[in-house]
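See structure below.
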Ligand SMILES: [Zn+2]
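Residue numbers (the numbering used here): 1 to 308.
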């Protein structure tokens with residue numbers, strides 16, 4: 001049964017080991033974030049509670065009513081009052097609370113495509129996206145504020161495509177840290193305040209094209225520390241990770257992408273990229289999808305209710 005948005009606000013332990021990835025783009029200079037790019041209708045929101053007892057999988061429900069973003073300044077003050085100054089104890093791509101699988105009564109994979117933005121990361125893989133459209137493949141797209149600013153028309157078209165769920169890949173593609181810890185040579189946010197800004201400005205950019213608060217947050221490089229992850233949860237976002245590294249941060253060959261997809265255990269969240277048209281992601285996906293469908297594999301979005 002689909003869970004409501006706030007029922008989803010739970011943390012759970014995941015045992016799936018994430019493969020090492022090279023990130024989307026290579027180093028990306030952290031920068032100060034501009035003020036919120038949009039002025040959404042605000043509403044107050046209470047802090048979601050967390051539970052120490054994890055369910056196996058949780059989802060947003062596609063039947064949820066559209067949810068506007070809460071007042072970013074008020075939300076930031078509320079979250080910092082609880083999390084500022086806390087010391088992280090965990091760091092990684094699959095720490096407790098990061099979703100790496102989806103629940104499905106049918107064999108399914110959740111293909112997720114990141115668009116990282118910034119120098120070297122601002123591309124758009126139209127061959128890949130057109131294939132997904134043509135073959136009616138559901139997918140979740142994680143877009144950064146940077147990438148959306150580079151491709152406002154394309155981002156709007158992606159948001160209008162019912163096949164795709166648009167989620168938050170951060171504002172400047174920074175690892176989710178409260179101490180400035182780096183991953184793949186990309187500097188993480190340096191404190192709780194920067195972490196809130198990175199998450200919120202990414203969410204505002206997504207909101208600008210979808211008119212809906214995103215459900216999931218995957219930071220640049222997919223690295224979290226535990227405090228930053230709790231901050232994301234407190235702001236109302238689930239932490240999205242992955243069980244299968246589908247394109248090796250776009251370093252995989254066509255055959256490697258194809259094999260990663262064909263070997264994926266049903267229920268896996270698969271990490272891929274849609275911002276490197278010169279890579280082999282599209283070619284591998286185009287070869288693998290028909291073979292997976294022959295096996296009865298369905299393609300679901302992270303926010304889909306569990307298929308009956
Ligand atoms: Zn990325």
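C-beta atoms are modelled at their ideal positions from N, C-alpha and C, and glycine is treated no differently.
Residue 251 is classed as exposed because its beta carbon has fewer than 16 other beta carbons within 10 Å across all chains shown.
Residue 266 places its beta carbon less than 8 Å from that of residue 109. Using a cutoff of 7 Å, the CB of residue 185 does not count as near ligand 1, since none of the ligand's heavy atoms is closer than that. The C-beta of residue 119 has fewer than 16 other C-beta atoms within 10 Å across all chains shown, which makes the residue exposed. Look at residue 106 here: in three-state DSSP terms it is coil, with no helix or strand label. The criterion of a C-beta distance shorter than 8 Å is not satisfied by residue 262 and residue 79. If the five residues before and after residue 240 are omitted, its C-beta is found closer than 6 Å to the C-beta atoms of 99, 216, 218, all from its own chain and listed in chain order. Beta-bridge analysis with DSSP links residue 115 to 143. Placement of the Cβ of residue 151 at a distance of 7 Å or more from every heavy atom of ligand 1 is found.
If you look at residue 238, you'll find it in the beta strand (DSSP E) that goes 238-240.
Taken in chain order, the whole beta strand (DSSP E) runs of length 3 or more contained in the region 126-190 are 139-143, 164-168. Distances from the alpha-carbon of residue 271 to those of 105, 113, 230, 91 put 113 closest. Among the bridge pairs identified by DSSP, residue 269 is matched with 110. For residue 253, the closest C-alpha among the options 232, 277, 242, 269 is that of 277. Looking at 103, 145, 102, 105, the one whose alpha-carbon comes closest to that of residue 117 is 145. At least one heavy atom of ligand 1 is found less than 7 Å from the C-beta of residue 114. In terms of side-chain proximity, the C-beta atom of residue 276 is found no nearer than 7 Å to any non-hydrogen atom of ligand 1. Judged by DSSP secondary structure, residue 201 falls within the alpha helix (DSSP H) whose first and last residues are 192-210. Residue 210 and residue 115 have their C-alpha atoms roughly 16 Å apart. Note that the C-beta distance between residue 207 and residue 167 is not below 8 Å.
In this structure, residue 165 lies away from residue 292, with their beta-carbon atoms at least 8 Å apart. Residue 105 counts as exposed, since fewer than 16 other C-beta atoms from the protein chains shown sit within 10 angstroms of its C-beta. When the five nearest sequence neighbours on each side are left out, the beta carbons in the same chain lying within less than 8 Å of the beta carbon of residue 193 are those of 76, 80, 84, in order along the chain. Its chain contains 161, 163 as the residues whose beta carbon lies nearer than 8 Å to that of residue 133, once the 5 sequence neighbours on both sides are disregarded; these appear in chain order. Within the region 252-299, the complete alpha helix (DSSP H) runs of at least 4 residues fall at 254-262, 281-294.
Nearest neighbour of residue 304 by Cα position, chosen from 275, 269, 283, turns out to be 269. Per the coordinates, the alpha-carbon of residue 101 lies some 13 Å from the alpha-carbon of residue 299.
The shortest CA-to-CA distance from residue 227 to any of 69, 71, 91 is the one to 91. At least 8 Å separates the beta-carbon of residue 189 from that of residue 72.
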